[in-house]
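One line per chain: the protein sequences are A and B, in this order.
Everything in the first sequence is counted per our numbering, starting at 1 for the first residue and increasing by one.
Everything in the second sequence is counted per our numbering, starting at 1001 for the first residue and increasing by one.
Beta carbons: idealized from backbone N, C-alpha and C, even for Gly.
Have a look at the structure below before the remarks.
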Amino acid sequence: MDFLTDAAGIKTMTQLALIIDLNVCVGCHACVTSCKEWNTSGWAGPMTDFNPYGEDPTGTFFNRVQTFEIGEYPKTETVHFPKSCLHCEEPPCVPVCPTGASYKREKDGIVLVDYDKCIGCKYCSWACPYGAREIDEKQKVMKKCTLCVDRIYDESLAKNERRPACVMACPTSARLFGDIHDPDSEVSETIRESGGYQLMPEWGSKPANHYLPRRKNRITLHRDELERADNPLKKEGILPEPPSDQKTLDETTSW
Amino acid sequence: MHPAFSVIFLTTLIGVGQGLFLALFTGQFYALAKLLPAQDSQAFYAVGCVLSLGFLLAGLVASFFHLGHPERAWRAMTQWRTSWLSREVIILPITMLFIFLYGLAHFMGWNQPWFVLADGSLPVDTTLVMGMLATFATFLLFICTAMIYASLKFVQEWYNPLTVFNFIFLGGASGFTLAAAFSAYAQANMVSFYGMWAVILTLAALLTRGASLWRNRRLKHKSNLQTAIGIRHNKIQQKAQGSMGGSFNTREFFHHKPEKIVRMVYWFFLLFFFPIPIALLGASYGIESVYLPMLAFVMQYLGLMAERWYFFAEARHPQNLYYQAIA
Ligand code: SF4
Ligand code: SF4
């Protein structure tokens, strides 16, 4: 791993990641389409489609939004669940690759596929428990989310545009992007403070992407809090008499 | 998982080739120890090696159909430090090379002993050295092939040492059955010897494969829909899986066959790999027929293909949790 040294000389490592807020996602698929739009025409493209306008359209996507219904009617909740490569910190898909086409960047922890080396054996897709990799049936190589590696360092873009296409497109800001190894970054803080969690933690793959759970804001009110206990109109009668030498409010102000 | 025919052919054909070589070399060893009559070097060992190489080569060819870019296959030799697939890609041609040299040594009659061991009773010649090297490579190849599957820890049906034993015994048994058929064809008088070993290996395979079938039936999967999406509720229903006409994820990780067909393949493999070849080999003790061992091999190979299909079909990949509609 590559270590970057911070100002105080402490070695830190970068791990870029997405945080997806399931409490906010409305399932509009804007991230799916903007991902496809950016990547099919860019460095990682094309993302081939078959039968796009006919029956049973199919094709390559780096990002998909699934929908789940939780609970039983009438007590149900709909959860939209965006799903893409999680850029695992211990990616099981990388060591199995026989060609070295799949690799994890030391600089920023992004997991990538070198299309010029990939032989399309699909073994890496078997070794990803999340089903995040999809073979391109036309180019016959393995494809997956690149975290828009061709955007985020592009200095010809305005600073706030150097973010993954999906993050830019999300109308509800359900997607955050940043370095989860920097304890002071927005994403790290969000994971800590809003209960960020990883998918299938049981396999030790340590996904870098985190999800934020559904949250309901509730407050508990007690009966006495519903009536204003310090209501002066009610309290007047029981207040102790002011000392007789003290001026009353009526004497000092004219309201 | 989806059983791809290229992989079924690859793993079964090389298994037969490896088993056949082991059978030839075992025969030579027994002959050395004077427990069996020596066989003709050219007609038996050299031709047997050609047959074994034919199976290995056919498996190799089948494997290329699995690749998107076969022209880059050489690259697959580079990551042997971490990838069992890479190790297999390296050891397969090495095995073929040693089996070829072993056959060549027999064909050329290179049996001048290099040196003599055990008070003159064990002359070590080229065939013996090449045979030992090829045996070593053959076992490594069995291990590499099996570890490709046995190393995927979240495919829990495969993640077990039984997988390695299954590959060794299933491949070995079919190879020894082929050896019995081959010696019947070559009139080599070794039918009952190979037949006996084939039955022993088939029974060993029954033990380990039976154990893995039993294990898989009782298997508790670590992942479930709750851990997959991280939502704690006993009732979760998938409403949309992010594609309309399916995707790579819906095609690659499930067999898409009704339960009835899967059951049928299961019984076919159990019948055709175990009892039928054993009965045919047993019958060839009594009835001297060239065709009985041959038939035994054909039946057992069909059973082996069915076994491999079932091996893939029974493996449940956790990614299918995200595709509830298909699995
Ligand atoms: S999500 Fe899958 S493809 Fe992405 S890094 Fe993790 S294991 Fe690899
Ligand atoms: S499909 Fe490509 S990236 Fe994946 S394991 Fe095979 S060679 Fe490596």
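Flagged as an interface residue toward chain B: residue 97 (chain A), by a C-beta distance shorter than 8 Å. Shortest Cα-Cα distance from residue 1063 (chain B) to any of B:1090, B:1009 and B:1186 involves B:1009.
Along the segment 202-229 of chain A, the positions whose C-beta sits under 8 Å from a C-beta of chain B are 202, 203, 211, 213 and 214, read in chain order. Residue-level contact by beta carbon fails for residue 15 (chain A) and chain B, as no gap is shorter than 8 Å. Not one heavy atom of ligand 1 falls within 7 Å of the beta-carbon of residue 147 (chain A). Assigned with DSSP and collapsed to three states, residue 89 (chain A) falls in coil, not helix or strand. In this structure, residue 1066 (chain B) sits near residue 1007 (chain B), with a CB-CB distance shorter than 8 Å. DSSP places residue 80 (chain A) in the uninterrupted beta strand (DSSP E) bounded by 75-84.
Of the residues A:216, A:134 and A:90, the one whose Cα lies closest to the Cα of residue 198 (chain A) is A:90. By the rule that beta-carbons nearer than 8 Å mark a contact, residue 1060 (chain B) does not touch chain A. As DSSP reads the structure, residue 102 (chain A) sits in a beta bridge with A:113.
Contact of residue 19 (chain A) with chain B by beta-carbon distance below 9 Å is absent, the smallest such distance being about 13 Å. For the pair of segments examined, the segment 34-53 of chain A was found not to touch the segment 98-108 of chain A: the number of CB pairs separated by less than 8 Å stays below three. Not one beta carbon of chain A lies nearer than 8 Å to the beta carbon of residue 1112 (chain B). Looking only at A:13, A:14, A:15 and A:20, the smallest Cα-Cα distance to residue 190 (chain A) is reached by A:20. Taking the Cα of residue 1171 (chain B) as reference, the smallest distance to any Cα among B:1035, B:1305 and B:1315 is reached at B:1305. In the assembly as shown, residue 1115 (chain B) is an exposed residue. Its beta-carbon has fewer than 16 other beta-carbons within 10 Å. Spanning the alpha carbons of residue 44 (chain A) and residue 146 (chain A) requires a straight line of approximately 8 Å. Within chain B, 1067, 1068, 1069, 1070, 1072, 1073, 1075 and 1076 have C-beta atoms less than 8 Å from the C-beta of residue 119 (chain A), given in sequence order. Residue 1310 (chain B) has a beta carbon lying at 8 Å or more from every beta carbon in chain A.
Cα atoms of residue 1320 (chain B) and residue 1253 (chain B): separation of roughly 7 Å, rounded to the nearest angstrom.
At least one CB of chain A lies nearer than 8 Å to the CB of residue 1245 (chain B). Within chain A, no C-beta atom comes nearer than 9 Å to that of residue 1043 (chain B); the closest sits roughly 39 Å away. Between residue 1132 (chain B) and residue 144 (chain A), the alpha-carbon positions lie close to 45 Å from each other. Between residue 1181 (chain B) and residue 1297 (chain B), the gap from beta carbon to beta carbon is short of 8 Å. Exclusion of residue 1323 (chain B) from the 7 Å shell around ligand 1 follows from its C-beta lying no nearer than that to any non-hydrogen atom of the ligand.
Shown here for residue 1094 (chain B): same chain residues with a beta carbon closer than 6 Å to its own, the five before and five after excluded, namely 1137 in chain order. For residue 1269 (chain B), the uninterrupted alpha helix (DSSP H) run begins and ends at 1259-1273, by DSSP. Along the segment 1248-1263 of chain B, the positions whose C-beta sits under 8 Å from a C-beta of chain A are 1248, 1249, 1252 and 1253, read in chain order.
Residue range 141-143 is occupied by the beta strand (DSSP E) that includes residue 143 (chain A). Residue 1047 (chain B) sits close to residue 1186 (chain B), with the two beta carbons spaced by under 8 Å. At a cut-off of 8 Å, the C-beta of residue 107 (chain A) has no neighbouring C-beta in chain B. The beta carbon of residue 1223 (chain B) sits closer than 8 Å to some beta carbon of chain A. By the rule that beta-carbons nearer than 8 Å mark a contact, residue 1106 (chain B) does not touch chain A. From the listed residues B:1238, B:1246 and B:1289, the smallest Cα separation to residue 72 (chain A) is found for B:1238. DSSP places residue 1115 (chain B) in the uninterrupted beta strand (DSSP E) bounded by 1115-1117.
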